[in-house]
Amino acid sequence: MTDSEYHELADALMLTIEEQIDDCDADLDYESAAGILEIIFADKSKIVINKQAPLHQVWVATKFNGHHFELHGDKWIDNRSGAEFWQFMCDAATRQAGSEIKWQHN
């Protein structure tokens with residue numbers, strides 16, 4: 001994967017989440033700048049997603065732990081647990097929000 005392909009895919013991932021936050025019934029907000037997306041929950045806790053361009057990874061930090069996702073085929077996979085990004089995000093956001101949050105990937 002080239003650097004430009006990585007940036008295009010990682011930016012699309014973050015944009016998909018931003019768009020869904022705007023449409024979400026849960027009390028969520030976000031801030032986005034310089035390759036970092038912060039999802040802000042009602043209790044002011046955050047999930048932080050940031051691009052790690054030199055490694056072609058996307059890192060996710062929750063209030064519980066951190067994960068490093070790499071693209072395998074067409075899926076972002078956590079290199080430690082093997083979790084798929086979208087399922088991980090559903091589980092992590094639901095746990096942090098205390099109510100179900102479902103993310104849909106395009």
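The sequence shown begins at 1 in this note's numbering and counts up one residue at a time.
Note that beta-carbon positions come from the ideal geometry of N, C-alpha and C, so glycine has one too.
It should be emphasised that the depicted structure is a prediction, and the values quoted were computed from it without experimental measurement.
Let me confirm a value: residue i is counted as buried when at least 16 other C-beta atoms fall within 10 Å, else exposed. Which label applies?
i	result
Ala93	buried
His67	buried
Thr156	Outside the displayed range of the chain (1 to 106) lies residue 156, so it cannot be described from this structure.
Leu13	buried
Ala33	exposed
Phe88	buried
Gln96	buried
Ala10	buried
Phe69	buried
Would you check if the distance between the CB atom of residue i and the CB atom of residue j is smaller than 7 Å?
i	j	result
Asn50	Ile40	no
Asp27	Ala42	yes
Met1	His56	yes
Trp86	Val58	no
Tyr30	Glu19	no
Check residue i in the structure and name its three-state DSSP category.
i	result
Asp29	strand
Trp103	coil
Asp22	helix
Asp74	coil
Across which residues does DSSP place residue i in a beta bridge pair?
i	result
Leu66	The sequence given here has Gly at residue 66, not Leu. Note: Gly66 sits in a beta bridge opposite Ala61.
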